[in-house]
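Down below is the structure, laid out as structure tokens.
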Amino acid sequence: MLSTALSIAIGLFVLAWLLNLGRLIFGPSLPDRVLALDTMYINSIALIVLYGIQQSSKLYFEAAMLIALIGFVSTVAVAKYVTRGDIIE
Amino acid sequence: MDSLIEWAVSIFVIIGGVFALVGSIGLARLPDFYTRLHGPTKATTLGVGGAILGSLIYFSWQEHALQLHEVLITLFLFITAPVSAHMLAKAAMHRDLKRMKETRGEPWKQ
Amino acid sequence: MKSVMDRVLPFPSLSLILWLAWLLLNGFSAGHALLGAVLAVVLPLTTKPFWPNVPRIRNLPRMFGFVVVVLYDIVVANISVAIKVLGPLKSLRPGFVEFPLELDDDFAIALLASTISLTPGTVSADVSQDRTTLLIHALDVDDPAALVAEIKQRYERPLKEIFEC
Chain S
179 MLSTALSIAI GLFVLAWLLN LGRLIFGPSL PDRVLALDTM YINSIALIVL YGIQQSSKLY
239 FEAAMLIALI GFVSTVAVAK YVTRGDIIE
Chain W
21 MDSLIEWAVS IFVIIGGVFA LVGSIGLARL PDFYTRLHGP TKATTLGVGG AILGSLIYFS
81 WQEHALQLHE VLITLFLFIT APVSAHMLAK AAMHRDLKRM KETRGEPWKQ
Chain G
573 MKSVMDRVLP FPSLSLILWL AWLLLNGFSA GHALLGAVLA VVLPLTTKPF WPNVPRIRNL
633 PRMFGFVVVV LYDIVVANIS VAIKVLGPLK SLRPGFVEFP LELDDDFAIA LLASTISLTP
693 GTVSADVSQD RTTLLIHALD VDDPAALVAE IKQRYERPLK EIFEC
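In the order they appear, the protein sequences are chains S, W and G.
Numbered according to this note's numbering, the first sequence spans residues 179 to 267.
Numbered according to this note's numbering, the second sequence spans residues 21 to 130.
Numbered according to this note's numbering, the third sequence spans residues 573 to 737.
What follows is the structure, encoded as structure tokens:
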């Protein structure tokens with residue numbers, strides 16, 4: 179029961195991730211691509227968390243947390259760069 | 021495993037998956053950047069929220085103690101998602117991206 | 573007395589949040605409670621110059637009520653946005669709406685902007701240099717004036733009461 183539900187949920191997140199990949203490839207503008215990357219990292223966090231449940235292991239929590247931290251900083255840095263042409267003024 | 025816990029975890033992870041998928045469908049399908057911004061910034065946050073709630077219930081049951089550290093990820097995403105959305109919206113306005121012709125009102129140029 | 577308190581714990585709520593986050597990350601034990609407490613005192617002291625003036629929360633019960641309302645709105649509005657995203661796109665009426673701010677504190681404005689972005693259907697896109705107007709992009713809005721009135725009544729008024737600014 180739980181393993182079926184987990185497989186379905188992982189399938190849904192992978193589908194979402196592939197849609198983000200499509201947006202990342204086809205753009206058309208730079209902010210669109212950054213937004214696609216932003217959504218991708220958030221979906222990846224969920225995938226890692228679900229994989230953790232599947233493996234019954236709490237080790238993956240740290241990886242999810244790190245992706246959350248780094249993903250946010252990189253999105254903001256790139257968005258700032260697109261707006262200002264500079265990250266630290 | 022208690023079937024009640026199993027049901028709760030299953031329902032939360034699937035709800036999370038559905039919301040994340042809808043958010044990403046929005047990202048793929050909506051016509052201009054500003055409308056696309058709406059899909060991921062929330063639906064995905066709630067999507068991850070569902071997965072995290074499932075994980076929280078599962079590990080709390082497994083360890084026989086409340087495991088709250090997963091909540092930190094959700095909390096962090098709830099704080100950061102609006103900030104990234106705001107920065108991206110500013111970037112889009114700066115680049116003067118084209119918008120749906122039905123759009124009312126004007127973006128600013130600061 | 574007051575000055576000693578200010579010198580050791582310049583931001584009590586920040587210290588509390590740091591301590592709780594440390595315990596959540598590392599598990600509850602006496603050692604981590606002590607180490608977390610040391611960090612909760614040292615980190616705010618060393619980062620004090622970086623912090624803008626953060627207003628104190630004056631009305632704690634109102635704060636909890638506000639959080640509950642926002643969480644409820646996130647869930648309900650997510651469903652309505654999901655339906656709009658999956659439905660016909662031709663009927664969407666997106667628009668930029670200017671929101672006149674009554675709050676006059678940067679931190680409270682940031683909280684309001686985040687709340688607007690988290691509740692689906694609206695994203696705060698920009699704030700004017702003089703902090704009097706917020707630019708909101710709405711996914712589907714029939715009446716901009718009604719949207720502004722709803723945000724004012726539902727989010728801005730509670731925030732005004734919480735921070736009294």
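Positions of the beta carbon are idealized from the N, C-alpha and C atoms, including for glycine.
Out of the options, point me to the one whose CA is closest to residue i's CA.
i, options, result
"Pro672 (chain G)", "G:Leu664, G:Pro666, G:Ile681", "G:Ile681"
"Lys724 (chain G)", "G:Pro692, G:Ala685, G:Asp714, G:Gln701", "G:Ala685"
"Ile93 (chain W)", "W:Leu24, W:Ala71, W:Leu108, W:Ser30", "W:Ala71"
"Phe583 (chain G)", "G:Ala612, G:Ala602, G:Ala605, G:Leu597", "G:Ala612"
"Ser663 (chain G)", "W:Gly36, W:Pro51, W:Gly67", "W:Pro51"
"Ala654 (chain G)", "W:Leu66, W:Glu26, W:Leu24", "W:Leu66"
"Asp702 (chain G)", "G:Asn631, G:Asp676, G:Leu581, G:Ser587", "G:Asp676"
"Arg665 (chain G)", "W:Ala112, W:His114, W:Arg119", "W:Arg119"
"Ala109 (chain W)", "S:Ser234, S:Ser207, S:Phe191, S:Gly200", "S:Ser207"
Determine, for residue i, whether the minimum Cβ-Cβ distance to residues of chain S falls below 9 Å.
i, result
"Thr5 (chain W)", "Examination of residue 5 (chain W) is not possible in this model, given that chain W is present from 21 through 130 alone."
"His84 (chain W)", "no"
"Leu97 (chain W)", "yes"
"Val91 (chain W)", "no"
"Leu24 (chain W)", "no"
"Ser80 (chain W)", "no"
Excluding five sequence neighbours on each side, which residues of the same chain lie with their C-beta closer than 7 Å to the C-beta of residue i?
i, result
"Ala194 (chain S)", "Asn221"
Using 8 Å as the cut-off, classify the Cβ of residue i as near or not near the heavy atoms of the ligand GDP, replying yes or no.
i, result
"Ser689 (chain G)", "Among the components of this structure there are no ligands whatsoever, and the ligand GDP is therefore not found."
Which residues in chain W sit within 7 Å of residue i, going by Cβ to Cβ distance?
i, result
"Leu216 (chain S)", "Note that residue 216 (chain S) corresponds to Asp in the displayed sequence, not to Leu. Near Asp216 (chain S) (Cβ distances below 7 Å), the residues of chain W are Pro60, Ser104."
At the 9 Å Cβ level, is residue i part of the contact set with chain G, yes or no?
i, result
"Asp52 (chain W)", "yes"
"Val68 (chain W)", "no"
"Arg119 (chain W)", "yes"
"Leu88 (chain W)", "yes"
Considering only residues of the same chain and omitting the five flanking positions on each side of residue i, which have a CB-CB separation below 6 Å?
i, result
"Ala697 (chain G)", "Leu707, His709"
"Gly46 (chain W)", "Gly59"
"Lys656 (chain G)", "Asp712"
"Ala28 (chain W)", "Ile77"
"Val695 (chain G)", "Ser689, His709"
So, does the CB of residue i fall closer than 9 Å to a CB anywhere in chain W?
i, result
"Asp264 (chain S)", "no"
"Leu632 (chain G)", "no"
"Ala685 (chain G)", "yes"
"Val647 (chain G)", "yes"
"Leu617 (chain G)", "no"
"Val641 (chain G)", "no"
In chain W, which residues lie with their C-beta within 9 Å of the C-beta of residue i?
i, result
"Ile681 (chain G)", "What Ile681 (chain G) touches in chain W: nothing, since even the nearest Cβ is about 12 Å away."
Can you name the residues of chain G whose CB is closer than 7 Å to the CB of residue i?
i, result
"Val42 (chain W)", "Ala654, Val657, Leu658"
Below 7 Å on C-beta distance, what does residue i contact in chain S?
i, result
"Ala48 (chain W)", "Leu197, Gly200, Arg201"
"Ala112 (chain W)", "Pro209"
Cutting at 8 Å between CB atoms, please list the residues of its own chain near residue i, excluding the five before and the five after it.
i, result
"Arg634 (chain G)", "Pro730, Glu733, Ile734"
"Arg726 (chain G)", "Val641, Asp645"
Output, in chain order, the set of chain A residues within a Cβ distance shorter than 8 Å of residue i.
i, result
"Phe39 (chain W)", "Of the protein chains in this structure, namely S, W and G, none is chain A."
Since residue i meets chain W, which of its residues come closer than 8 Å, beta carbon to beta carbon?
i, result
"Pro584 (chain G)", "Under the 8 Å cutoff, chain W gives no residues; its nearest Cβ is about 19 Å from Pro584 (chain G)."
"Gly693 (chain G)", "His58"
Closer than 9 Å by beta-carbon distance: list the chain G residues that pair up with residue i, in chain order.
i, result
"Ile35 (chain W)", "Near Ile35 (chain W) there are no residues of chain G at all, since even the closest Cβ is about 10 Å away, more than 9 Å."
Using a C-beta to C-beta distance shorter than 9 Å, which residues of chain S count as neighbours of residue i?
i, result
"Ala28 (chain W)", "Chain S residues near Ala28 (chain W): none, gap ~10 Å exceeds 9 Å."
Under 8 Å between beta-carbons, which chain G residues line up against residue i? List them in chain order, please.
i, result
"Ala101 (chain W)", "Ser689, Leu690"
Please list the residues of the region 183-201 of chain S that have a C-beta atom closer than 7 Å to any C-beta atom in chain W, keeping them in chain order.
Contact annotation: in the region 183-201 of chain S, residues whose CB is within less than 7 Å of a CB in chain W are Ala183, Leu184, Ile186, Ala187, Leu190, Phe191, Leu193, Ala194, Leu197, Asn198, Gly200, Arg201.
Any residues in the region 212-237 of chain S with a beta carbon nearer than 8 Å to a beta carbon of chain W? Which ones, in chain order?
Val212, Leu213, Ala214, Asp216, Thr217, Ile220, Asn221, Ile223, Ala224, Val227, Leu228, Gly230, Ile231, Ser234, Lys236
Got a sec: which bits of the region 589-606 of chain G sit with their beta carbon under 7 Å from any beta carbon on chain W, in order along the chain?
Ala593, Leu596, Leu597
Using a Cβ cut-off of 8 Å, which residues of the region 240-254 of chain S contact any Cβ in chain W, in chain order?
Ala242, Met243, Ala246, Leu247, Phe250, Thr253, Val254
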